[in-house]
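Below is one structure; the comments refer to it alone.
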Amino acid sequence: MTRTFFVGGNWKCNSTVKSITELCASWKESTDNGAKYSGKPVEIVIAPPSIYAQTAKDALPANFQVSLQDCYSSTGAFTGEIAADMIVDMGIPWVITGHSERRTIFKETDEVVATKTAYAISKGLSVIACIGELLEEREAGKTLEVNERQLSAIAATVTDWSKVVIAYEPVWAIGTGKVATPEQAQEVHAALRAWLSTNVNPEVAESTRIIYGGSVKPANANELAGQADIDGFLVGGASLKPDFISVIDSYAV
């Protein structure tokens with residue numbers, strides 16, 4: 002089975018109307034003047050701050066989709082939250098759940114992430130579900146234990162795997178300039194696919210996209226993209242720059 006390459010851009014708590022307009026204009030110019038986007042397909046999803054979602058939706062190239070960076074698992078008296086229902090109502094097809102910054106800064110547990118993921122899927126959203134280990138967990142030899150625990154919580158709630166992209170993001174490599182070597186990333190991706198095969202079923206393991214996130218940039222994207230079980234990227238800071246197009250183009254390697 003061929004898995005469509007997936008490139009996500011997470012803008013986190015960055016951007017202005019002006020910067021979004023200028024960035025998207027540069028991407029449109031690139032796509033009009035030689036960005037590859039031919040042959041093998043690629044799916045591109047950008048996650049702006051929620052207040053700028055419509056701005057981004059209006060400004061992005063036509064083949065880019067929009068995601069929100071998080072959602073809540075209910076409507077009601079939850080000041081400041083944005084429910085999955087509302088994301089659907091705005092015509093946005095994707096949401097990120099379980100990003101390491103939600104897990105570490107906002108103390109979201111595996112169970113909270115799983116609940117959000119299940120609720121988002123139940124409302125019709127597709128989900129970029131993030132997992133990943135801390136530096137001390139990697140150094141303690143717990144990389145697979147941590148990632149399999151986080152994935153297990155999510156898997157226990159998923160009813161439609163066609164709606165899920167798994168993002169492996171080692172926390173020690175996010176925004177640090179460090180990056181897992183292609184071999185390190187491939188090892189974890191292969192282990193996660195094997196876990197899905199054993200604990201869900203082989204068909205889900207083969208069809209589910211597992212993408213890498215952690216200081217991905219044009220200089221390392223092609224080598225990472227060439228690994229058998231790396232199906233794309235979730236990119237932070239580099240997705241705020243015009244040359245993010247080069248990361249997208251890595252799908253063609």
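To convert, take the position in the sequence shown, counting from 1, and add 1; that gives my numbering.
All residues carry an ideal CB built from backbone N, CA and C; glycine is no exception.
If you measure between the beta carbons of residue i and residue j, is that distance less than 8 Å?
i    : j    : result
G10  : S240 : yes
E170 : C131 : yes
I211 : K164 : no
S16  : Y73  : no
L152 : W196 : yes
C14  : P62  : no
P243 : W28  : yes
V46  : S20  : no
I175 : S216 : yes
V8   : V248 : yes
T209 : W173 : no
T182 : T118 : no
L235 : A186 : no
N200 : A154 : no
N223 : V180 : no
Y252 : F6   : yes
D250 : R4   : no
W12  : A60  : no
Q70  : I97  : yes
S101 : G133 : yes
What is the DSSP secondary structure of residue i, reduced to helix, strand or coil?
i    : result
L235 : strand
I122 : helix
W12  : coil
F245 : helix
S116 : For clarity, residue 116 is Thr in the given sequence; the question names Ser instead. In the structure shown, T116 sits in a helix (DSSP, three-state: H, G or I).
I88  : helix
V128 : strand
S39  : Here the model assigns S39 a pLDDT of 47, short of 50, so the residue's position is not dependable, and the following value carries that caveat. Coil at S39, not helix or strand.
I212 : strand
T32  : helix
D262 : Given a span of 2 to 254 for the chain in the structure shown, any question on residue 262 remains unanswerable.
K19  : helix
E224 : helix
E109 : coil
E82  : coil
V205 : helix
D161 : coil
V180 : coil
V254 : coil
Under DSSP, the alpha helix (DSSP H) around residue i begins and ends at which residues?
i    : result
T105 : S101 to T105
I155 : T144 to A156
R194 : P183 to N200
L135 : No alpha helix (DSSP H) holds L135; DSSP gives it neither H nor E.
A141 : That residue, A141, is in no alpha helix (DSSP H); it is neither H nor E in DSSP.
Go to residue i, then tell me how far its beta strand (DSSP E) extends in each direction, as first and last residue.
i    : result
V217 : Taken as a continuous stretch (DSSP letters only), V217 belongs to no beta strand (DSSP E), as it is neither H nor E.
V166 : V165 to Y169
S240 : Looking at the DSSP string, S240 is not in any beta strand (DSSP E), and its letter there is neither H nor E.
T321 : A question about residue 321 goes unanswered here, because the residues of the chain that appear run from 2 up to 254.
R4   : R4 -> no beta strand (DSSP E), and no H or E assigned at all.
Cβ of residue i within 7 Å of any heavy atom in the ligand COA?
i    : result
E140 : In the structure shown, the ligand COA is absent, as is every other ligand, since no ligand is present at all.
Can you find at least 3 beta carbon pairs, one from the region 221-228 and one from the region 104-121, that sit closer than 8 Å? no
Starting from the N-terminal side, write out each stretch of the alpha helix (DSSP H) that is 4 residues or longer and does not extend beyond the region 44-77. 54-60
Examine the Cβ distances between the region 174-192 and the region 143-156 and report whether three or more of them are shorter than 8 Å. yes
Three or more C-beta pairs below 8 Å linking the region 82-92 and the region 101-109: no
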